[in-house]
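Numbering-wise (our numbering), the sequence shown opens with residue -3 and increments by one.
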Amino acid sequence: MFRFYALLISVLLPYTSYAQTNLPIIRATSKNVAIRDGDFLDKEGWSLSPGLRPDVYTADRSRKPKWVVFYTDVDSIRTRVVPGSSFDFVILLNGKDSCFTRIESAIPPATAPAPRRPTHDTIPFTLSAHNAIHVRAILNERDTLSLHFDTGSFDFRLTHDAILKRTNLLANQPDALAGKAKPVFSKMEKVRLFRLGKLNFANPTVVPTLLTAHGMDGRFGWNLFEGKVVEIDYDKELLIIHSERPKHARTYQKTELDFLRSFPCMKGTLQVAGRQLTGWFSLDTGSDKALILDSVWVRKQGFPTDLPLIRETSLRNPRGEVFVTKTVRCPGFSMANLSLKDPPATLLVSRNPANFEINFLGNDILKRFNTILDFQNDLAYLKPNRHYTAPFLEMAK
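What follows is the structure, encoded as structure tokens:
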């Protein structure tokens, strides 16, 4: 009899604990979960981790209300996401493992009102020969690293080589440091502080990566400045983080800033063969190229196949995947009522590394404009600078 009651308690106890949480519960028999985030369905979007309490899914950035749906192999749940929202629930894996899960907005809840006097924090940078926005960074008040500001990236990313050779994050793996064992980057020590200029980032998210811009130890992404206004002044070589839009923005050309899968984008137009081809372009200051055109978009637009060929080459993404490309010369490109003549455009012949249809504006174009990115009102401001008429890097190779 005792064994019967013990067995009964062991079966009912998990359900009792779930009831006590007052959280919605869905079931699963597989760790793999598909996610529909707004209009985008990712069939391999999530893997259950019972050890995390909670495991947080940050929805793609959007100021508009949208639905996010989690699909397990046997159940589903959805929640409406708006700026600042979060939703907690439990996924019961195989009837016994509780996976506490949270869906939250990429835009955090509103905080205290902005200070009466606007703040302006500066981060000096140098523009490298490969178009990288190079910033000197201090890690844990000890290690000096070369990072670049990448508007096509998120959080902090450090290369394996930099982690191993230029930080103390593997001090807990002496055999790896001595070359006797393979480093386990998932077990590196915690980053307590990153300093960029006079800005401190406490307990930041730091992710190991295989690749970054030429000559850099890693990169930092735009989302570090969510809710701020970021000015990239290529003339003075300063990143300026404003608490509100600076007054001189009114002298710049203004355009809408949208977010596709959390990547900041703006509309651009190519002038080719007497036609105007307009599409969305992801802002990618981490790329040394001018334009990168999505293969699906190119096909849909009926992009000309007889433009002057500059070269055929390949691109390698941070995961090491290789994509064959062709670079051609386009007659013209414009954005925010600003035009450029004869920019090189790299055509992706194979699958887009971003895994969805999007073109890219690399820093060989973006560096030509002092730029203000308003992450409070989702607007971008551009003004030609001293690099405006500089030769394109692809033409000089």
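Yeah, the Cβ is synthetic: ideal placement off N, Cα and C, and Gly gets one too.
Distance between beta carbons of residue j and residue i, contact taken as under 8 Å
i, j, result
"Ala286", "Ile228", "About 17 Å; that fails the 8 Å criterion."
"Ser310", "Phe319", "6 Å"
"Thr118", "Gly193", "6 Å"
"His156", "Leu206", "6 Å"
"Glu252", "Leu378", "Their Cβ separation, rounded to whole angstroms, is 12 Å, which puts Glu252 and Leu378 out of contact at 8 Å."
"Asp213", "Arg162", "6 Å"
"Asp151", "Thr201", "4 Å"
"Asn381", "Gln249", "13 Å between Cβ atoms; not a contact."
"Leu19", "Asp84", "5 Å"
"Ser149", "Arg215", "5 Å"
Span of the alpha helix (DSSP H) around residue i
i, result
"Ile159", "His156 to Arg162"
"Leu362", "Asn359 to Leu362"
Terminal residues of the beta strand (DSSP E) in which residue i lies
i, result
"Ala392", "From DSSP, Ala392 is part of no beta strand (DSSP E) but of the alpha helix (DSSP H) over Leu389 to Ala392."
"Lys263", "Phe259 to Val268"
"Leu173", "Unbroken run through Leu173 is the alpha helix (DSSP H), Pro170 to Leu173; no beta strand (DSSP E)."
"Lys379", "Leu375 to Pro380"
"Trp276", "Arg271 to Asp280"
"Ser291", "Ser291 -> not in any beta strand (DSSP E); alpha helix (DSSP H) instead, spanning Ser291 to Gln297."
"Tyr67", "Lys62 to Tyr67"
"Asp42", "Correcting the residue identity first, residue 42 is Trp in this sequence and not Asp. Run containing Trp42: Phe36 to Ser43, per the beta strand (DSSP E) assignment."
"His238", "Leu234 to His238"
"Leu251", "Per the sequence shown, residue 251 should be read as Thr rather than Leu. Unbroken beta strand (DSSP E) run through Thr251: Gln249 to Glu252."
"Ile22", "Ile21 to Ala24"
"Thr367", "Phe365 to Asp370"
"Cys326", "Unbroken run through Cys326: none, as it is neither H nor E."
"Val467", "Residue numbering for the chain in the displayed model covers -3 to 393; residue 467 lies beyond these limits and cannot be assessed."
"Asp117", "His116 to Pro120"
"Asn127", "Element bounds for Asn127: n/a, residue is neither H nor E."
"Phe150", "Where Phe150 is concerned, there is no enclosing beta strand (DSSP E), given that its DSSP letter is neither H nor E."
Outcome for residue i when other beta-carbon atoms lying within 10 angstroms are tallied against a minimum of 16
i, result
"Ser335", "exposed"
"Arg153", "buried"
"Val29", "buried"
"Ile5", "In this prediction, Ile5 has a pLDDT of 39, which is less than 50 and means its spatial position is unreliable; what the coordinates show is noted afterwards. The residue in question, Ile5, is exposed, as its Cβ has fewer than 16 Cβ neighbours within 10 Å."
"Arg112", "exposed"
"Gln169", "buried"
"Ala2", "Low confidence applies to Ala2: its pLDDT is 41, below 50, so where it sits in the model is not reliable, and the reading given next is rough at best. By the 10 Å Cβ count, Ala2 comes out exposed."
"Phe277", "buried"
"Asp56", "buried"
"Lys222", "Just to set this straight, residue 222 is Glu in the shown sequence, not Lys. Per the 10 Å Cβ criterion, exposed."
"Arg(-1)", "Caution applies to Arg(-1), whose pLDDT of 39 falls short of 50 and renders its modelled position unreliable; the value that the coordinates give is listed next. That one is exposed."
"Asn199", "exposed"
"Pro387", "exposed"
"Gly316", "exposed"
"Val70", "exposed"
"Phe96", "buried"
"Glu390", "buried"
"Leu48", "exposed"
"Phe329", "buried"
"Thr12", "Only weak support is given to the placement of Thr12: the predicted model assigns it a pLDDT of 41, under 50, and the question is left unresolved by the model."
"Val78", "exposed"
"Leu141", "buried"
"Pro260", "buried"
"Ala177", "exposed"
Member of the options whose CA lies at the smallest distance from the CA of residue i
i, options, result
"Gly175", "Leu160, Phe329 and Val64", "Leu160"
"Val292", "Asn199, Ser346 and Pro260", "Ser346"
"His383", "Ala24, Arg364, Leu375 and Glu353", "Arg364"
"Leu266", "Thr321, Cys326, Arg215 and Phe259", "Cys326"
"Asp33", "Leu48, Ile21, Pro46 and Arg74", "Arg74"
"Ile87", "His156, Glu317, Thr321 and Ile22", "Ile22"
"Glu240", "Arg246, Lys224 and Thr251", "Lys224"
"Leu37", "Val65, Thr54, Pro50 and Pro46", "Val65"
"Lys337", "Phe352, Val268 and Thr321", "Val268"
"Phe145", "Gly275, Asn196, Leu173 and Arg132", "Arg132"
"Val180", "Leu165, Asn219 and Phe83", "Leu165"
"Val203", "Val187, Asn196 and Tyr67", "Val187"
"Ile103", "Arg49, Asn373 and Thr385", "Asn373"
"Ser82", "Arg98, Asp93, Gly211 and Arg271", "Arg98"
"Arg76", "Glu100, Leu143, Tyr67 and Leu89", "Glu100"
"Arg271", "Gln297, Leu135, Thr247 and Asn90", "Gln297"
"Leu220", "Phe190, Lys243 and Gln249", "Phe190"
"Ile134", "Thr147, Gly148, Ala158 and Ser149", "Ala158"
"Gly264", "Arg257, Lys39 and Ile288", "Ile288"
Within-9 Å CB hit, residue i to chain C
i, result
"Thr25", "In the structure shown, chain C does not exist; there is a single protein chain."
Next on the checklist: Taking contact to mean 3 or more Cβ pairs, one atom from each stretch, closer than 8 Å, check whether the segment 119 to 135 and the segment 60 to 67 are in contact.
Outcome noted: no
Checklist entry - Is there contact between the segment 92 to 111 and the segment 332 to 349, where contact requires at least three CB pairs shorter than 8 Å? => result no
Item to check | Sufficient close CB pairs (3 or more, under 8 Å) joining the segment 212 to 228 to the segment 358 to 377 | outcome: Cβ pair count under 8 Å is three or more, so yes.
Item to check | Cβ pair count under 8 Å reaching 3, the segment 299 to 308 against the segment 235 to 246 | outcome: no
Checklist entry - Counting pairs of Cβ atoms below 8 Å between the segment 266 to 282 and the segment 350 to 364, do you hit three or more? => result As far as the Cβ criterion goes, the segment 266 to 282 touches the segment 350 to 364, which means the pair count is three or higher.
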